[in-house]
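Engineer:
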Amino acid sequence: MYNLIDYYDALGGEVLELNHEDIIENVLEGYIFSEKKVTDECKIYTIENPTGFGEMRCYNLFEGVQLSYNNLNMETAYQKINPKSGVLEIDHCLEGCYEFKLENNERALIGKGDISVIEIGKVPFEDSCIPTKKYVGLSIFIDIEKAQKSIDKYFPYAKIDLLEIKDRLCKNGAALIIHSRHEIDHVISELYRVDSRIRLSYSITKTIELLLFLNLVESSDTFKLTSFSEPVYKA
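Residues in the sequence shown are numbered from 4 upward in steps of one, following our numbering.
1) Within 10 angstroms of its Cβ, does Lys149 collect 16 or more other Cβ (buried), or is it exposed?
2) Could you pull the start and end residues of the beta strand (DSSP E) that Phe144 belongs to?
3) Using the three-state DSSP reduction, which class does Gln151 fall into: helix, strand or coil?
4) Where do the N-terminal and C-terminal ends of the alpha helix (DSSP H) with Glu212 fall, by residue?
5) So, for Ala177: in the same chain, excluding its five sequence neighbours on each side, which residues have a beta-carbon less than 7 Å away from its beta-carbon?
6) Taking Asp94 as part of the beta strand (DSSP E), name the residues at either end of that continuous run.
7) Please work out which residues of its chain come closer than 7 Å, Cβ to Cβ, to Asp117, disregarding the five sequence neighbours upstream and downstream, and give them in chain order.
8) Please determine, among Glu66, Leu64 and Ile35, the residue with the shortest C-alpha to C-alpha distance to Glu58.
9) Rounded to the nearest angstrom, what separates Lys162 and Asn52 at their Cα positions?
10) State the Cα-Cα distance for the pair Arg60 and Tyr72, rounded to the nearest angstrom.
11) Could you pull out every residue in the same chain whose Cβ sits closer than 7 Å to the Cβ of Asn22, ignoring the five residues on either side in sequence?
12) Give me the Cα-Cα distance between Pro159 and Arg110, rounded to the nearest whole angstrom.
13) Counting along the chain, where does the alpha helix (DSSP H) carrying Ile187 start and finish?
14) If you draw a straight line from the C-alpha of Lys169 to the C-alpha of Arg202, how long is it?
15) Using 10 angstroms around the beta-carbon of Phe231, count the other beta-carbons present and answer buried if the total reaches 16, otherwise exposed.
16) Excluding the 5 residues preceding and the 5 following Glu193 in the sequence, name in chain order all residues of the same chain whose CB lies nearer than 8 Å to its CB.
17) Have a look at Cys173, Arg196 and Asn74 and flag the residue whose alpha-carbon is nearest the alpha-carbon of Val139.
18) Measuring CA to CA, which of His185, Gly89, Lys156 and Lys40 is closest to Val18?
19) Here's a check: name, in chain order, each residue in its chain whose Cβ is nearer than 6 Å to the Cβ of Asp146, leaving out the five neighbours to either side.
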């Protein structure tokens, strides 16, 4: 795995430090993966159970941020754990759908083209399922404290405040859904087909762009689902 990337801020030309901690494993401590494999570019997590098979391909971005490409062909990947707090998880669904239930009895579903923003650890998950037995998407895991230091150092003019984003978007619960819209597609779609030669720098750029988009999101732009609904059948 790379330790540094020749990715410079516009003013000082300072080398941007890559993330070197396993945010995913830290926050999901206790989750049992069937297999873990490290390549030159990413870490691959395999999930296998009686309902099917899944894979997460995880890339280190700047310090405090990891990007995971998820391909799940199973009815559920749920395991009972007690996730740690201090991390935001941003999920985007490319194909299929994913439904989860929290211990406060709230339910939410992310369907094709949707984004979910989850404050991990605020309310534990009670269960989750993949109604169509197919889910393809990506997740961005953000260690709020560490990522904020990186953003302040390398992207000061972005004016991104992760705590403010968390408090605004998750103030009424642990998770929220932003339904598919042009702005989301514009920011995220290219991440699924980016050339591997520029994947790292491009993914960092797109992550900052997505956080800038979330800076503009108001509560009226979001929606929660309480149970199965039409998007399941459209996915």
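For glycine and all other residues, C-beta sits at the position ideal for the given N, C-alpha and C.
Structural biologist: If we stick to the structure as given:
1) With 16 or more Cβ atoms within 10 Å of its Cβ, Lys149 is classed as buried.
2) Tyr138 to Asp146 is the span of the beta strand (DSSP E), which, as asked, contains Phe144.
3) Note: Gln151 maps to helix in three-state DSSP.
4) In the DSSP assignment, Glu212 falls within the alpha helix (DSSP H) that extends over Arg202 to Leu219.
5) Same-chain partners within the cutoff: Leu105, Ile121, Glu122, Lys125 and Val126.
6) Val90 to Gly99 is the span of the beta strand (DSSP E), which, as asked, contains Asp94.
7) Cβ neighbours of Asp117 beyond the five flanking positions: Cys96, Ile180, Ile181, His182 and Ser183.
8) When only C-alpha atoms are compared, the closest one is Ile35.
9) Straight-line Cα distance between these residues: approximately 43 Å.
10) Rounded to whole angstroms, the separation of the alpha carbons of Tyr72 and Arg60 is 5 Å.
11) Short of 7 Å from the beta carbon of Asn22, and not among the five residues preceding or following it, lie these beta carbons of its own chain, in chain order: Asn63, Leu64, Phe65, Glu66, Gly67, Val68 and Gln69.
12) Cα to Cα, Pro159 sits roughly 37 Å from Arg110.
13) For Ile187, the enclosing alpha helix (DSSP H) covers residues His185 to Ile191.
14) One C-alpha to the other measures close to 27 Å.
15) Confidence at Phe231 is low in this model, with a pLDDT of 38, below 50, so the placement of that residue is unreliable and no value is reported for it.
16) Listed in chain order, the non-local C-beta contacts of Glu193 below 8 Å within the same chain comprise Tyr205 and Lys209, local neighbours out to five positions each way being set aside.
17) Of Cys173, Arg196 and Asn74, the residue nearest in Cα terms is Asn74.
18) Closest by alpha carbon: Lys156.
19) Excluding sequence neighbours, Asp146 sits near Ile26, Gly67 and Val90.
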